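For the sequence shown, position 94 matches number 535 in the numbering used here, and the numbering has no gaps at all.
Glycine residues also receive a C-beta, built at the ideal position from the N, C-alpha and C atoms.
Keep in mind it's a predicted model, so treat the numbers as computed, not measured.
Report on one structure; see the data block that follows.
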Amino acid sequence: MTKINFLLIVMILLSLFIGMSINRNWFFIYQLEFIDYPEILKDGREDNVRNIILWVIILLSHMGIIILPFLTKSHLFSKSLLWFPLIYLLSYVFFRAEVVFLLIPFIIIWVMTLRLCIKQNINGNIAA
């Protein structure tokens, strides 16, 4: 497994399973995205169209992050590595800004992966 693939897998795991304890109950990012917010929509407690659009953007960009390890040989990899996580993070800033603090480890791994990708692109090891 290459360093980039390892970092991408860590990045994916952090984007899903990073969390914090609230009143002795753990809150994870995936819970907000895939369980809690759909329940809020189903119950009709969300009437803000902006938040619904942001949630859809978060889901799509998160799916883009999850497919990154399969794009490493593609010419789209470098751009995807930049844009999918950036859109994911910016969407969270406007959707639920407090969640961005939970994503700090994700951001650190993302920056490390970007630096490694740039370094390998300069050396010609990955298709640009």
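Is I463 helix, strand or coil when you go by DSSP? strand
Rounded to a whole number of angstroms, what is the C-alpha to C-alpha distance between T513 and L523? When rounded, the distance between both Cα atoms is 13 Å.
Suppose the cutoff is 6 Å on Cβ atoms and the five residues either side in sequence are ignored; what does the same chain contact list for G460 look like? W467, F468 and F469
If distances are taken between C-alpha atoms only, which option among F542, N489, C558 and V497 comes closest to L517? The residue with the shortest Cα to Cα distance from L517 is C558.
Residue range of the unbroken alpha helix (DSSP H) whose run includes G505: Its alpha helix (DSSP H) spans residues V490 to I508.
Span of the alpha helix (DSSP H) around F536: F518 to F536
Could you tell me which of V540, I493, T554 and M553 sits nearest to Q472, measuring between CA atoms? Ranked by Cα distance from Q472, the first of V540, I493, T554 and M553 is V540.
Does the CB of I481 have a neighbour CB from chain B at under 7 Å? Protein chains in the displayed structure number just one, and chain B is not present.
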